[in-house]
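Residue numbers (this note's numbering): 8 to 383.
Using N, Cα and C, we set each Cβ at its ideal position, and we do this for glycine too.
Predicted, not measured: the structure shown is a model, and the values here were computed from it.
First the structure, in the form of structure tokens, and then the observations on it.
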Amino acid sequence: MAPPLSDLQHVDCARRLSTSALLSTDPNPRVGCVIVDALGRRLGSGCTQPVGGPHAEVMALRDAAAEGHSVVGATAYVTLEPCAHHGRTGPCCDALIAAGIRRVVASIADPNPLVSGQGFDRLRAAGVDVEVGPGAVESRELNIGFFSRMVRKTPWVRLKTAASLDGKTALSNGVSQWITGEPARTDGHAWRARASAVLTGVGTLMEDDPRLDVRRVETPRQPHLVVVDSRLQTPPDAKIFDVPHRQVWLYAATRDEPRARALEARGATVTVLANADGKVDLAAMLQDLAAREVNELHVEAGHKLNGSLMREGLVDELLVYLAPKFIGSGLEMASQPNAGGALTTLAGALPLEFRSVDRFGPDLRIVARVAGRDRF
Numbered sequence: 008m009a010p011p012l013s014d015l016q017h018v019d020c021a022r023r024l025s026t027s028a029l030l031s032t033d034p035n036p037r038v039g040c041v042i043v044d045a046l047g048r049r050l051g052s053g054c055t056q057p058v059g060g061p062h063a064e065v066m067a068l069r070d071a072a073a074e075g076h077s078v079v080g081a082t083a084y085v086t087l088e089p090c091a092h093h094g095r096t097g098p099c100c101d102a103l104i105a106a107g108i109r110r111v112v113a114s115i116a117d118p119n120p121l122v123s124g125q126g127f128d129r130l131r132a133a134g135v136d137v138e139v140g141p142g143a144v145e146s147r148e149l150n151i152g153f154f155s156r157m158v159r160k161t162p163w164v165r166l167k168t169a170a171s172l173d174g175k176t177a178l179s180n181g182v183s184q185w186i187t188g189e190p191a192r193t194d195g196h197a198w199r200a201r202a203s204a205v206l207t208g209v210g211t212l213m214e215d216d217p218r219l220d221v222r223r224v225e226t227p228r229q230p231h232l233v234v235v236d237s238r239l240q241t242p243p244d245a246k247i248f249d250v251p252h253r254q255v256w257l258y259a260a261t262r263d264e265p266r267a268r269a270l271e272a273r274g275a276t277v278t279v280l281a282n283a284d285g286k287v288d289l290a291a292m293l294q295d296l297a298a299r300e301v302n303e304l305h306v307e308a309g310h311k312l313n314g315s316l317m318r319e320g321l322v323d324e325l326l327v328y329l330a331p332k333f334i335g336s337g338l339e340m341a342s343q344p345n346a347g348g349a350l351t352t353l354a355g356a357l358p359l360e361f362r363s364v365d366r367f368g369p370d371l372r373i374v375a376r377v378a379g380r381d382r383f
């Protein structure tokens with residue numbers, strides 16, 4: 008007979024369940040729950056359902072009931088603190104208490120101010136033993152966008168680009184299709200799918216007329232689309248409006264009434280946020296997107312908007328696909344990405360931390376995080 012699993016192993020099982028919900032729970036966090044009896048036998052398990060549906064704890068309780076198992080005296084392993092408030096669903100901590108759960112092992116506290124320890128307090132007040140910590144790093148990483156929105160009040164901004172080995176994203180004439188191969192492009196769609204919204208600039212729309220939806224991988228939902236469009240130049244017949252079941256948010260620096268009405272007639276939401284330079288206030292835009300429950304913002308834009316986001320310190324992570332090609336003269340990943348212009352010393356370079364380096368077909372994928380950006 009195999010030895011019983013440790014707390015960390017049970018939490019790891021719950022984490023795998025939460026990973027299976029990667030594409031479906033937004034804007035809620037991805038959470039998994041496993042319920043076991045005193046002998047370590049699994050009674051029920053589940054993960055958070057699409058928004059408005061049951062959370063992981065309730066799914067695990069339902070699974071146990073469907074199998075005819077009593078959970079009285081059992082332990083619930085969950086990757087995030089059980090919620091303690093009435094939102095779209097009822098409090099999960101109350102459901103665990105009512106079911107007779109004796110012990111809860113949670114990876115990490117919920118950063119939502121409406122929870123933030125209150126779930127643990129309610130459980131303890133009801134006589135439930137609570138332990139916190141196993142798998143905390145993994146749970147937070149899986150929900151980095153949710154933590155960012157709750158703590159910083161801005162989404163986690165991930166900038167995606169595809170480039171040649173010498174850092175060119177397009178030829179001098181603007182041609183960029185295709186620098187990378189199909190495996191890399193498919194992986195790029197997987198990153199789109201996990202995001203709450205995709206961000207681009209009006210220049211990209213006018214040059215390429217892309218749909219910017221998820222097509223290469225299966226997804227239960229399409230991420231919303233955000234367009235930085237200072238003068239409302241987005242064509243009302245752009246293909247971005249042909250994608251069903253997603254919202255299109257346009258951010259402008261001024262409201263041209265006829266253009267705004269034409270775009271709103273296509274279903275767009277037009278928001279005016281201008282800075283002192285007469286351009287879209289990008290920092291204010293991120294705050295507004297957080298208020299719209301955007302957790303992860305996936306940027307696929309041209310070198311000008313990329314440069315502006317980098318220059319203002321608004322990018323948290325880079326998703327870079329490098330093709331084994333040298334282009335020579337061409338467009339860079341980001342124009343003037345450093346505040347104050349060109350650097351005169353290497354000490355002024357933006358420090359990054361490599362998170363992963365993987366190969367997709369002939370291309371490399373590098374995930375690099377701005378150093379210290381995740382310490383919030």
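- For the pair Ala191 and Asp244, the Cα-to-Cα distance works out to about 29 Å.
- With respect to the 7 Å criterion, Arg22 and Leu29 are not classified as neighbours on the basis of their beta carbons.
- Here the alpha carbons of Thr193 and Tyr258 stand approximately 28 Å from one another.
- In the DSSP annotation of this structure, the continuous segment of the beta strand (DSSP E) that includes Val277 starts and ends at Ala275 to Val279.
- Arg372: member of the beta strand (DSSP E) spanning Asp370 to Val377, first to last residue.
- The shortest C-alpha to C-alpha distance from Ala281 to any of Ala269, Gln229, Arg262 and Arg201 is the one to Arg262.
- In the three-state reduction of the DSSP assignment, Ser146 falls in the helix class.
- A straight line joining the alpha-carbon of Ala45 with that of Leu121 spans about 32 Å.
- Taken in chain order, the whole beta strand (DSSP E) runs of length 3 or more contained in the region 220-247 are 231-235.
- Residue Leu219 holds the alpha-carbon nearest to the alpha-carbon of Ala197 among Leu219, Thr276 and Val277.
- A check of alpha carbon separations from Ala356 across Ser179, Pro369, Arg318 and Val374 identifies Arg318 as the nearest.
- Measuring C-alpha to C-alpha distances from Ala275 to each of Cys100, Glu339 and Gln240 identifies Gln240 as the nearest.
- With fewer than 16 other beta carbons inside 10 angstroms of its own, Trp185 counts as exposed.
- As the crow flies, the alpha-carbon of Gly309 is around 30 Å from that of Arg147.
- Taking a contact as a CB-CB distance under 8 Å, the pair Gly126 and Gly107 does not count as one, their CB atoms being some 17 Å apart.
- Around the CB of Met66, 16 or more other CB atoms lie within 10 Å, so the residue is classed as buried.
- Where Leu206 is concerned, there is no enclosing alpha helix (DSSP H), although the beta strand (DSSP E) around it starts and stops at Ala204 to Gly208.
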